[in-house]
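First residue of the sequence shown? That's 1443 in our numbering, and the numbers climb one at a time after it.
A virtual CB, placed ideally from N, CA and C, is assigned to each residue, including glycine.
Step one of this worksheet: look at the structure below.
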Amino acid sequence: MAENTVLTEGVYLILLSLKKPLHGYGIIKNVQEKTNGRVNLAAGTLYGALNNLLSRGWIKELASEESSRKKEYIITSSGEDALMREYSRLRELVMITESILEG
C-alpha cells in the first residue's frame, strides 16, 4: 500500500490489536471488546486481512511451539508506520469536524 493509503476500520483495528502477540481468535475477541461489540470480524475476513498484512510486511507470524497449532502475529515497524499515518489522518478528520460543528 502506498503511504497515503486509507485503512479500513477492520485493518486498523487488527493492527492495533497486534501491538501485542495474538492469534486469530484473540484478535476477533479483542476487536469485539474494544468496540463494545460494534465490530465483529468474521474468520474469513480476518484471515484474508492477515494474509494481506503479511504480504505487505506490516505484520509477521511469530515462531510457535510444536504443541500449539494457533499462529500468533505481531505488528512490524512498517505496520506501526502505517498505523500511525492512519491515526494522524483520523485525528485530522476529527479536528476538522469539531471546528465545523463547534464553529
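{"Item": "Reduced DSSP category for Leu1532 - H, G, I as helix; E, B as strand; rest coil", "Value": "helix"}
{"Item": "C-alpha gap between Leu1488 and Glu1475, whole angstroms", "Value": "16 Å"}
{"Item": "Residue range of the beta strand (DSSP E) that includes Lys1502", "Value": "1501–1503"}
{"Item": "7 Å CB neighbourhood of Ala1491 in its chain, flanking five on each side removed", "Value": "Gly1452, Val1453, Ile1456"}
{"Item": "Leu1464 versus Leu1496: straight-line alpha-carbon distance, rounded", "Value": "14 Å"}
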